[in-house]
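Protein sequence lines, in the order shown, are assigned to chains B and P.
Quick note, the first sequence lines up with residues -13 to 424 if you use our numbering.
Quick note, the second sequence lines up with residues 4 to 580 if you use our numbering.
Every residue gets a Cβ at the ideal spot worked out from N, C-alpha and C, and that includes glycine.
Just so you know, these numbers come straight off a predicted model, no measurement behind them.
Note sheet for the following structure.
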Amino acid sequence: MHKVYHRIEEIAGNVIMVKAAGVTYRELARVTWKNGDSLAQVIRMNGERVSLQVFAGGRGIPTDARVRFLGHSMQTAFSEALLGRVFTGSGEPRDRGPSISENMIPIGGPSVNPAKRIIPRNMVRTGIPMIDVFNTLVESQKLPIFSVAGEPYNPLLARIALQAEVDVIILGGMGLKHDEYLFFRDTLEEHGALSRSVLFIHTAADPTVECLMVPDICLAVAEQYALQNKRVLVLLTDMTNFADSMKEIAITMEQIPSNRGYPGDLYSQLAARYEKAVDFDSAGSITILAATTMPGDDVTHPVPDNTGYITEGQFYLRNNRIEPFGSLSRLKQLVNSKTRKDHRTIMNTMIQLYAGFKETLEKQAMGFRMSAWDEKLLKYGERFENELMSLSVNIPLEAALDLGWQILADCFEPAETGIPSALTEQFWPKDKKASAKE
Amino acid sequence: MSENIGKIVGVNGNLLTVEFSSPVIQNEVGYAHVKGEKLKSEVIRIRGSRAELQVFEDTTGLMVGDDVQFTGELLSVELGPGLLSQVYDGLQNPLPALAAEAGFFLKRGMYLQALDRAKKWAFTPAVKKGATVSPADALGTVPEGIFEHAIMVPFHLKGKLTVEEISAAGEYDVEKVIARLKDAEGQLVEVKMYQRWPVKIPIRQYAERLRPTEPLVTKVRIVDTFFPVARGGTYCIPGPFGAGKTVLQQITSRYADVDVVIIAACGERAGEVVETLREFPELTDPRTGKSLMERTLIICNTSSMPVAAREASVYTAVTIAEYYRQMGLHVLLLADSTSRWAQALREVSGRLEEIPGEEAFPAYLESVIASFYERGGIVRLNSGKNGSVTIGGTVSPAGGNFEEPVTQSTLKVVGAFHGLSRERSDARRYPAIDPLDSWSKYFSVVDEKDLEFARRVLREGSEVNQMMKVVGEEGTSIDDFQLYLKSEYLDAVYLQQDAYHEIDGATSAERQKYVFGVIAKIMRTKMSFADKEAARRFFQNLTQVTKDWNRQDMESEEFRALEERIEKMIAEVKEYA
């Protein structure tokens, strides 16, 4: 059987080093000592010197702790019994339920063969016009929500989860405040969605290394459900905490940092997780929504920056609204031609005019005289913000498009919008509100 | 080759330290043996009796003491008929065949032959017994999709060779020996339908390199007219995320006027490759009327696939491009994105604990990038025919800031720069190529004088716009205001293009010349308006009509009718001095 080692040579941060033989790369070990025990994983081998990261952290580990290698890498259980349950980052139950150890599957498996993917084709309806109309969410998309701390990104995630038509919801919490975790659990329960959810939660109080495991464990489970023909929605919050944990380990391992202390492989590490989003040829799908907080509202910070290059678009959440500028769903073109034929035009026109409104606001702030055109833009911008941008709006796509036409008609003449004549003839509302008269 | 076995003494991420006893070669391929799997790897540093190898796979499960088998061969690709319309990973594994064997997921340590061994090709000899040939001369041809694929004398041979034996016309598979050649020393060399070539060494079997002068039409107006690309030239597209790099590359791969398109999806999203993969077979190539896939080859090493293979993928792609150039074809290589490739270099360099340069990129980044782009070019082959490899690479600068090492090193070596800007993409002005920052050293498809004038309008219009932000509209003269509106008009109807519209999405060179002529005339027309409001309204209407015009087939009635309408509108406001 596997050997047990009693002598730890080095302890630095969450990383311990033992001299051992016959150990494989990424193998798990159980470390036990008088007051505790923890899993640990091999992260570097140099001759007989084996470095392991300890999930529970290095604090309190004595040099004579027992290190027993388990002969396999990180695994998680997969069965129907997972539904409705809450686990920690290392897969231990967090609720009072029994632990599950049947049908163990490895985590962090190989990536999907691109030849087995199909072009995503189903829209995910959320009832939020800023998403449905302007940046449509598509099944199997990977999309982060960029925001600063304090914005309601978690309620937004929860709301999308509840309104989206999916079979299984998997929530991965990283560095969550305990009350945020309870918020998710209670919201899912209230709406009767907990029975189709699995939660893997690492709270801010838990050891750092467990945080690193959360995305992999969530996505391994999601992959299994997807292979069983289920449509899975994975929510990850907050990926910046995940990246920070990675940074912590990298620095402990004395790796050369590349940008603001983050390891050089930050991009690859994030990509390995996000790329698990997939629409399988002849099986289910995985859609990933992830919150990424931007330290100092800086989108050029390495975490949001690298994320933006990996994901298929991003939503900016700012001042309780999804910003139309910068927010983007790269996959929207795949579905918004099939919804209604005015969808794309409304989407582009309204944003272009909204950009004009922003310019006018700047001019106004500098005290310039407002032209007739400026007045129109001002009126338009205000209605756009109140009636479509507000997160409290909850209407289906078609109603939102109709509302869009109405707002345009109330503020502009058809030619001023730049919409192709063929469309204005069909969709331009005839009953212009009286108030629209200048 | 005798067995050369080393032992693993260290593992750090995808980097192995291996102790060896017999000689090893820098950059040779080795296989790490683990529980019945063989993981391909490449020697990247040698120190004393220890070699460091980067593994092209995930290294989970490797053990100190495991065997590594050195092959004595550099990392190579197979070159022969059957490459086109294939989808390979960075190491030239055919992905569809891999899916048939391994299912949904990529299987570690599974390597398949790049060329289908079972497929028969109809060979027609081009030389007779006794003929004298040189390396890269055609010995015969096989039809491959839309081309006659030349079976060439292997590039690694030297000097003059005599054909001792050549197969008659017939159906053969690629393993068939189709010729035996005798070299100067009297050695007999067997020639199969395919040959192997190390990816990191350029193929240089040509008479001379020429200057790229012929335009490569992409049907994107802002590119062909303002920032053209030449056959055999190089260009780069840096831009922040979401600015439309990939869409621009996809459009180019679809419409570019070349024979072969090689797409190197290097460390980017898998979804984008899938779009090409699934859509191209359905689309027809406007040049040949056949499926677009028949002229396309995809090298796909997406972001979640192993990092070391990502570095190899751009070399695999450029080697295949050079191979088709040897047949006198025009090849376009699109690499998306070269930053991911540079990051792969950085990851490896970090693990080797090399002294880092700027932003932790290795100090040799610049020379590596330069030598990659230098593999492009238009050449006159020994046969007298011309062939070209045009390289277009996207760059994904951190934070969208062009002052970073990868963008800067790339700018030094390319012939055209298509800088994408966040402001333009935010304002939905696609393609978001910045008309003021970008440049090109190649020749445009339109009249140079008109172009110079249009550039001036754009530049001065933007200056007026900047000024208006300070002094306001009321402080701007009507002439300046008109200039500003003209620049906005040019931007809206010519620079911007609806990629998803059937007709507007692809503008032929001929149409560009015509339309640009009309618009240049409008730019030069002095107009008079009662006030600024009237001017604005006029240009709004004109933009609307011109956009409708862009959406009409050039041969149609509507096209002519709209053109007349535009002329009429202009005549109404024209200032008669």
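Within chain P, the residues that residue i reaches when beta carbons sit closer than 8 Å
| i | result |
| --- | --- |
| B/F354 | G475, E476 and E477 |
| B/W359 | E536 and R539 |
Helix, strand or coil at residue i [DSSP, three-state]
| i | result |
| --- | --- |
| B/V435 | This structure cannot speak to residue 435 of chain B, because chain B is shown only from -13 to 424. |
| B/I104 | coil |
| P/A324 | helix |
| B/P310 | coil |
| P/W124 | strand |
| B/Y248 | strand |
| P/F59 | coil |
| B/Q412 | helix |
| B/H177 | coil |
| B/A190 | coil |
| B/A42 | coil |
| B/M31 | strand |
| P/D260 | coil |
| P/G520 | helix |
| P/R53 | strand |
| P/E566 | helix |
| P/R207 | coil |
| B/T331 | helix |
| P/M4 | Since pLDDT at P/M4 reaches only 47, below the 50 mark, its modelled position is unreliable, and the value read off the structure follows with that caveat. It is coil, neither helix nor strand. |
| P/A581 | Residue 581 of chain P is absent from the structure shown; chain P starts at 4 and stops at 580. |
| B/G70 | coil |
| B/L364 | helix |
| P/N304 | strand |
| P/A105 | helix |
| B/P400 | helix |
| P/H159 | coil |
| P/K535 | helix |
| P/T145 | It is worth fixing the name first, because residue 145 of chain P is Val in this sequence and not Thr. Of the three classes helix, strand and coil, the one that applies to P/V145 here is strand, per DSSP. |
| P/A172 | coil |
Within chain B, the residues that residue i reaches when beta carbons sit closer than 7 Å
| i | result |
| --- | --- |
| P/Q547 | A401 and G404 |
| P/P438 | Simply none; closest approach about 18 Å. |
| P/F244 | G294 and Y295 |
Chain P contact residues for residue i, given Cβ-Cβ distances below 7 Å
| i | result |
| --- | --- |
| B/E261 | A273, T305, S306 and S307 |
| B/Q319 | Y503 |
| B/Q255 | Going along chain P, no residue has its Cβ under 7 Å from B/Q255, so there is no contact; the nearest lies around 10 Å. |
Under 8 Å by beta carbon: chain B residues contacting residue i
| i | result |
| --- | --- |
| P/K110 | P96 |
| P/N15 | R30, M31 and N32 |
| P/N544 | A401 |
Expected contact under 8 Å - CB spacing of residue i and residue j to nearest Å
| i | j | result |
| --- | --- | --- |
| B/L185 | B/V72 | 4 Å |
| P/Y175 | P/K123 | 6 Å |
| P/V334 | P/D262 | 7 Å |
| P/T299 | P/S352 | 33 Å between Cβ atoms; not a contact. |
| P/A612 | P/F59 | The structure shown has nothing for residue 612 of chain P, since chain P only spans 4 to 580. |
| B/N253 | P/T62 | Here the sequence assigns Tyr to residue 253 of chain B, which means Asn is not the residue at that position. Actually they are not in contact, since the Cβ atoms of B/Y253 and P/T62 sit about 19 Å apart, beyond 8 Å. |
| B/F228 | B/M160 | 5 Å |
Neighbour flag for residue i against chain A, beta carbons, 8 Å
| i | result |
| --- | --- |
| P/V371 | Structure shown: chain A not included; protein chains present are B and P. |
Per-residue contacts from residue i into chain P (C-beta, under 9 Å)
| i | result |
| --- | --- |
| B/I274 | Simply none; closest approach about 12 Å. |
| B/R304 | Going along chain P, no residue has its Cβ under 9 Å from B/R304, so there is no contact; the nearest lies around 14 Å. |
Residue i: contacting residues in chain B (beta-carbon distance under 9 Å)
| i | result |
| --- | --- |
| P/V654 | Residue 654 of chain P falls outside the range modelled here, since chain P spans only 4 to 580, and no answer is possible. |
Fill in: Residues, ordered as in the chain, of the region 74 to 101 of chain B that lie near chain P by beta-carbon distance below 9 Å
Those would be P92, G94, G95, P96, S97, V98, N99, P100 and A101, in chain order.
Worksheet item: Closer than 8 Å, Cβ to any Cβ of chain B: which residues of the region 387 to 408 of chain P, in chain order?
Response: Hits within the stretch, in order: S399, A401, G402, G403 and N404.
Worksheet item: Can at least three beta-carbon pairs, one atom from the region 343 to 358 of chain P and one from the region 16 to 23 of chain P, be found at a separation below 8 Å?
Response: Look at the beta carbons and you see the region 343 to 358 of chain P touching the region 16 to 23 of chain P: at least three pairs across the two are nearer than 8 Å.
Practice prompt. Evaluate contact between the region 460 to 471 of chain P and the region 392 to 403 of chain P, counting only Cβ atoms and requiring at least three cross-stretch pairs below 8 Å.
Written response: No contact exists between the region 460 to 471 of chain P and the region 392 to 403 of chain P.
Worksheet item: With a cut-off of 8 Å, do at least 3 Cβ pairs link the region 221 to 240 of chain B to the region 137 to 144 of chain B?
Response: The region 137 to 144 of chain B and the region 221 to 240 of chain B touch, with three or more beta-carbon pairs separated by less than 8 Å.
Fill in: Three or more C-beta pairs below 8 Å linking the region 545 to 563 of chain P and the region 390 to 405 of chain B
Yes, the region 545 to 563 of chain P is in contact with the region 390 to 405 of chain B.
Discussion item. Does the region 273 to 284 of chain B come into contact with the region 210 to 223 of chain P, if we say contact requires no fewer than three beta-carbon pairs (one atom in each stretch) closer than 8 Å?
Written reply: The region 273 to 284 of chain B, when compared against the region 210 to 223 of chain P, does not touch it at the 8 Å Cβ threshold.
Item to complete: Report the residues of the region -3 to 10 of chain B with a CB closer than 8 Å to any CB of chain P, ordered along the chain.
Response: Flagged, chain order: A7, G8, V9 and T10.
Discussion item. So, does the region 182 to 189 of chain P touch the region 198 to 212 of chain P, judging by three or more C-beta pairs under 8 Å?
Written reply: No contact exists between the region 182 to 189 of chain P and the region 198 to 212 of chain P.
Discussion item. Whether or not the region 52 to 59 of chain B and the region 11 to 31 of chain B are in contact is what I'm after, with contact meaning three or more pairs of Cβ atoms, one per stretch, closer than 8 Å; do they touch?
Written reply: A contact exists between the region 11 to 31 of chain B and the region 52 to 59 of chain B.
Worksheet item: Quick one: any contact between the region 275 to 291 of chain P and the region 66 to 83 of chain P, if contact means 3 or more CB pairs under 8 Å?
Response: Note that the region 275 to 291 of chain P does not touch the region 66 to 83 of chain P; fewer than 3 beta-carbon pairs, one per stretch, sit closer than 8 Å.
Practice prompt. With 8 Å as the limit, tell me which residues of the region 106 to 139 of chain P have their beta carbon closer than that to any beta carbon of chain B; keep them in chain order.
Written response: Taken in chain order, the members of the region 106 to 139 of chain P whose beta-carbon sits within less than 8 Å of a beta-carbon on chain B are G106, F107, F108, L109, K110 and R111.
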